[in-house]
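Visitor:
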Amino acid sequence: MQRLQVLKGAFCGLDPIQQQLVIGSAVAAGGILIHLLYKRRQVKSIPLGEGWWGAGQKPLSEDEQIHPFEVQTTDEEIEDLHERIDRTRYTESLEDGCFHYGFNSTYLKKVVSYWRHKFDWKKQVAALNKYPHFKTKIEGLDVHYVHVRPPRRENQTVVPLMLVHGWPGSFYEFYKILPLLTENRDGLAFEVICPSIPGYGFSDAPRKQGFDSLAAARVFLTLMERLGFSQFYLQGGDWGSLITTNMSQMKPMCVKGLHLNMIKVRMGFSVMFSLMIGSYLPFLVGFSREDVRRLFPFFEKNVYGILRETGYFHIQATKPDTAGCGGNDSPVGLAAYILEKFSTWTDNSNRALADGGLERKFSLDDVLTNVMIYWTTGSIVSSMRFYKENFKSNPDNRVDAKVGITVPTGLAAFPAELMHCPKSWARHRYQNIYSYTFMPRGGHFAAFEEPQLLANDIVQFVKKVEKF
Numbered sequence: 001m002q003r004l005q006v007l008k009g010a011f012c013g014l015d016p017i018q019q020q021l022v023i024g025s026a027v028a029a030g031g032i033l034i035h036l037l038y039k040r041r042q043v044k045s046i047p048l049g050e051g052w053w054g055a056g057q058k059p060l061s062e063d064e065q066i067h068p069f070e071v072q073t074t075d076e077e078i079e080d081l082h083e084r085i086d087r088t089r090y091t092e093s094l095e096d097g098c099f100h101y102g103f104n105s106t107y108l109k110k111v112v113s114y115w116r117h118k119f120d121w122k123k124q125v126a127a128l129n130k131y132p133h134f135k136t137k138i139e140g141l142d143v144h145y146v147h148v149r150p151p152r153r154e155n156q157t158v159v160p161l162m163l164v165h166g167w168p169g170s171f172y173e174f175y176k177i178l179p180l181l182t183e184n185r186d187g188l189a190f191e192v193i194c195p196s197i198p199g200y201g202f203s204d205a206p207r208k209q210g211f212d213s214l215a216a217a218r219v220f221l222t223l224m225e226r227l228g229f230s231q232f233y234l235q236g237g238d239w240g241s242l243i244t245t246n247m248s249q250m251k252p253m254c255v256k257g258l259h260l261n262m263i264k265v266r267m268g269f270s271v272m273f274s275l276m277i278g279s280y281l282p283f284l285v286g287f288s289r290e291d292v293r294r295l296f297p298f299f300e301k302n303v304y305g306i307l308r309e310t311g312y313f314h315i316q317a318t319k320p321d322t323a324g325c326g327g328n329d330s331p332v333g334l335a336a337y338i339l340e341k342f343s344t345w346t347d348n349s350n351r352a353l354a355d356g357g358l359e360r361k362f363s364l365d366d367v368l369t370n371v372m373i374y375w376t377t378g379s380i381v382s383s384m385r386f387y388k389e390n391f392k393s394n395p396d397n398r399v400d401a402k403v404g405i406t407v408p409t410g411l412a413a414f415p416a417e418l419m420h421c422p423k424s425w426a427r428h429r430y431q432n433i434y435s436y437t438f439m440p441r442g443g444h445f446a447a448f449e450e451p452q453l454l455a456n457d458i459v460q461f462v463k464k465v466e467k468f
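Each residue of the sequence shown is one higher than the one before, counting from 1 in full-length UniProt numbering.
1) Determine the closest residue to T157 out of R185, S196, L141, Y131, with distance taken between C-alpha atoms.
2) Measure how close the beta-carbons of S279 and V292 come, nearest whole angstrom, since I'm counting them as under 8 Å.
3) Using a Cβ distance threshold of 8 Å, determine whether the segment 394-409 contacts the segment 364-374, with at least three qualifying pairs required.
4) Please determine, among G240, W239, L258, the residue with the shortest C-alpha to C-alpha distance to S248.
5) Does DSSP classify E83 as helix, strand or coil?
6) Below 8 Å on the Cβ atoms is my guess for H420 versus L295; work out the distance and round it to an integer in Å.
7) Taking 9 Å as the threshold (C-beta atoms), are E300 and W345 in contact?
8) Taking all protein chains shown into account, decide if Y90 is buried (16 or more other Cβ within 10 angstroms of its Cβ) or exposed.
9) Does DSSP classify C325 as helix, strand or coil?
10) Between the beta-carbon of G228 and the beta-carbon of L163, is there less than 9 Å?
11) Can you pull the DSSP bridge partners for V146?
12) When the Cα atoms are used, what is the spatial distance from H147 to P68?
13) What alpha helix (DSSP H) runs, 4 residues minimum, are completely inside the segment 431-468?
14) Exposed or buried, which one is N350 when buried takes at least 16 other CB atoms within 10 Å?
15) Can you tell me the Cα-Cα spacing of G333 and L260, whole angstroms?
16) Roughly how many whole angstroms lie between the Cα atoms of V265 and A215?
17) Which partner residues does F69 have in the DSSP bridge list?
18) Counting beta carbon pairs with one atom in the segment 193-212 and one in the segment 51-66, are three or more of them shorter than 8 Å?
19) Please list the segments of the alpha helix (DSSP H) lying wholly inside the segment 217-267, counting only runs of 4 or more residues, in order along the chain.
20) Bridge partners of L161, per DSSP?
21) If I'm right that I78 touches W121 with Cβ under 8 Å, what's the distance once you round it to whole angstroms?
22) Going by DSSP, what residues sit across from R185 in a beta bridge?
23) Beta-carbon separation of I433 and L411 under 9 Å?
24) Just to check my reading of the structure: V143 and V71 have Cβ atoms closer than 8 Å, yes? What is that Cβ distance to the nearest angstrom?
25) Which residue's Cα is closest to the Cα of L223: L141, L242, R385, L307?
26) For M276, count neighbouring Cβ atoms within 10 angstroms of its own Cβ and tell me buried if that reaches 16, exposed if not.
27) Please report how far the alpha carbon of P198 lies from the alpha carbon of I263, in whole angstroms.
28) For the beta strand (DSSP E) that contains T409, what are its first and last residues?
29) Less than 8 Å between C-beta atoms, sequence neighbours within five positions excluded: which residues of the same chain meet that for G378?
30) By alpha-carbon positions, which one of K319, I315, L339 ends up nearest to D366?
31) Do you know offhand how far L188's Cα is from S393's?
32) Compute the beta-carbon to beta-carbon distance between K250 and L48, rounded to the nearest angstrom, for a pair I have assumed lies under 8 Å.
33) Cα-Cα, which of F211, Y304, L234 is closest to F391?
34) Would V159 pass as a contact of E191 if the rule is Cβ separation under 9 Å?
35) DSSP on L60, reduced to helix/strand/coil?
36) What does a CB cutoff of less than 6 Å around L108 pick up in its chain, not counting 5 residues either side in sequence?
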């Protein structure tokens, strides 16, 4: 009260012009404060942009029809594969080299022998066609997707959900999780759309430079709109994480919720500070005991460990057409390149095993089916170009790096993921986290490795958002 009396006395001691200046300044300051609060609460978005990725000039109109699609093969395709396999020239593996040098040649011969003599591609094609496939033209590209609807039941809420894969995966990664998501869970079921990123699998490859995650996000938003969905959920890992994040930034009013199993944030000052003291005083920087266990020693787990596993990244982000030539011509070279990731990214301790632990989580039929999607479509080079397009310049300077994500977000942190991201870091980018789950097991290919765990986490997240 005494301070107010002093301020009142000082104000009354001013002449009328000075009093008007003070009042005007106060009103202006209040207006600025209200504006800042309003801007802070405002949902920010990034521009949709536009593009044309087909060959030649953009036509005046584009066919927007949706066409059924079926995966097919021929005897000639299989004979060509077998002939190329039979001509493979192997390199002898080092004694006790395991997977430290990449895919072990001794074990590779066993995998290739199975591929050549026991793997039934026609049977796997029939398995791929178990779910309905479609294609539709968007921005000059035939975009492929799988669309699975749940069985009709009374008193059931059906929620649209798009699942987006990464590299070196495909839509096939989601085949084990699809029945878990389309089944009724306490009155909730999902209608699932699994697209192939353009340049991957059965989606057309861009014919022009510049097709990055922002372009993919816009294409997939157009796909959801064409399918008649005004609001929907998104889920992704690897490139799918970035693409679905971009979709949430472009049209936050359409995205009811975003669920990720790979989380990437910028290494700003607060992150660096938390790394300096996090192992000693974790509570001061919002780390849990599990965060500390997964993060530290930081340089061993998240610097040297990443350097050991990202040689492919630097090659694909600089000269993908050179690096991809071998895999596009040699099926065994392609298999070694892709399957090594399904070994090490599932659990990096697999490097110490002679067979890379490949069959601990996957059957050879499953991983070879994924390889065949790349082989039969000739899409390894175009899939690798996606790295080049996204890293032509500093990604921290892109528009999406400067806008936070405001949609409800669920994060699933798998223990064997390439790099751990604590919730306290994720909050810097994802500003509306509904759930953050330390998953008990699993690595980079979550839907392929642990479909039940991932499905359970998606369901609990959506139930929170929908207030089930």
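Idealized CB from N, CA, C, for every residue including glycine.
Guide: For this structure:
1) Ranking the options by Cα distance to T157, first place goes to R185.
2) Between S279 and V292 a beta carbon distance of about 6 Å is seen, short of the 8 Å cut, so the two are scored as contacting.
3) Too few Cβ pairs lie closer than 8 Å, so no.
4) Minimum Cα distance to S248 is reached at L258.
5) Three-state result, E83: helix.
6) Between H420 and L295 a beta carbon distance of about 6 Å is seen, short of the 8 Å cut, so the two are scored as contacting.
7) In this structure, E300 does not lie closer than 9 Å to W345 by Cβ.
8) Of the other Cβ atoms in all chains shown, fewer than 16 fall within 10 Å of the Cβ of Y90; this residue is therefore exposed.
9) C325 falls in the helix class under three-state DSSP.
10) Cβ distance not < 9 Å, so G228 and L163 don't count as in contact.
11) Its beta-bridge partners are H133, C194.
12) In this structure, the CA atom of H147 is about 10 Å from the CA atom of P68.
13) 446-449, 451-466, all fully within the segment 431-468.
14) Flag for N350 reads buried.
15) Per the coordinates, the alpha-carbon of G333 lies some 31 Å from the alpha-carbon of L260.
16) V265 and A215: Cα-Cα distance of roughly 21 Å.
17) Answer by DSSP bridge pairing, in chain order: H133.
18) At 8 Å Cβ cutoff, the stretches touch.
19) Complete alpha helix (DSSP H) runs here, min 4: 239-250.
20) DSSP links L161 through a beta bridge to V192, Y233.
21) Cβ-Cβ separation between I78 and W121: approximately 6 Å, consistent with a contact (criterion under 8 Å).
22) The beta-bridge partner set that DSSP reports for R185 consists of L188.
23) Going by C-beta atoms, I433 is nearer than 9 Å to L411.
24) Not really, about 15 Å apart at Cβ, beyond 8 Å.
25) The shortest C-alpha separation from L223 is found at L141.
26) With fewer than 16 other CB atoms across the displayed protein chains lying within 10 angstroms of its CB, M276 is exposed.
27) Near 22 Å, if we compare the C-alpha coordinates of I263 and P198.
28) Run containing T409: 409-413, per the beta strand (DSSP E) assignment.
29) Hits under 8 Å: N328.
30) Closest option to D366, Cα to Cα, is L339.
31) Put simply, the backbone Cα of L188 is about 43 Å away from that of S393.
32) It is worth fixing the name first, because residue 250 is Met in this sequence and not Lys. For M250 against L48, the beta-carbon gap comes to about 5 Å, under 8 Å, which counts as contact.
33) The shortest CA-to-CA distance from F391 to any of F211, Y304, L234 is the one to F211.
34) For V159 and E191, yes; Cβs fall inside 9 Å.
35) The answer is coil: DSSP assigns L60 none of H, G, I, E or B.
36) Scanning its chain for C-beta atoms nearer than 6 Å, with the 5 sequence neighbours on each side dropped, one finds around L108 the residues A336, in chain order.
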